[in-house]
């Protein structure tokens, strides 16, 4: 199997497939290609799949065990992995979604200080590129967006906050994201938006989907 691709049993009916271990454009494109292929060409017996940054968990129907007498299933998984490995790392076309942001977050000054940038430069660098929606997770509708400017990359806060307001735009490591609802969290808050990531009253509750492109637009208070 090509270097960088591995798979292993991940419970009675599941397998973990790894294809990357870094936060990079290449790994993100590979993850999106894998997710798209599994959606449109769902393998027989696959109940669901869960994407990670550089991995995917494949969960099969219970009548197809992955332990004991599961050698035939293991062979099928290996064949599937070879299929996924051969996919071109082309990102399926997604929508461009502009998100207006008021950059007045409580961590903006600290991020500027730790990166050695002026506050205005932090805003410019964060809003100056388009981000691909890598996946949704942590909370319903929370978009993991990449890849962040290298200068802005900071580890998560040592002490997570108990309460982060819905609509908070934040960064951590090589990612940026938008909190869809009030929750605890350890990312650095740069600003806020009134655009709702999640609305159960909408026909499609989630505003963003993997493969979409997000562009942050700096605005003044009252313009969001």
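Numbering (our numbering), first residue to last: 43 to 266. No residue lacks a Cβ here, since even glycine has one placed at the ideal position from N, Cα and C.
Worksheet item: Going by the beta-carbon positions, is the gap between residue 219 and residue 236 smaller than 8 Å?
Response: no
Item to complete: Go ahead and label residue 168 buried or exposed: buried means 16 or more other beta carbons lie within 10 angstroms of its beta carbon, across all protein chains shown.
Response: buried
Worksheet entry | residue 109 to residue 147 span [Cα, whole Å] | In this prediction, residue 109 scores a pLDDT of 48, lower than 50, which makes its location untrustworthy; no coordinate-derived value is stated.
Worksheet item: Based on the DSSP secondary-structure assignment, which residues constitute the bridge partners of residue 185?
Response: 178
Worksheet entry | Neighbour-count burial assignment, residue 113, 16 or more Cβ in a 10 Å radius | exposed
Fill in: residue 235 in three-state terms, based on DSSP
coil
Worksheet item: So, using beta-carbon positions, are residue 101 and residue 118 closer together than 8 Å?
Response: no
Item to complete: Specify the secondary structure class of residue 92 as computed by DSSP and reduced to three states.
Response: strand
Practice prompt. Give every residue of the same chain whose Cβ lies closer than 6 Å to the Cβ of residue 126, excluding the five residues on either side of it in the sequence, and list them in chain order.
Written response: 76
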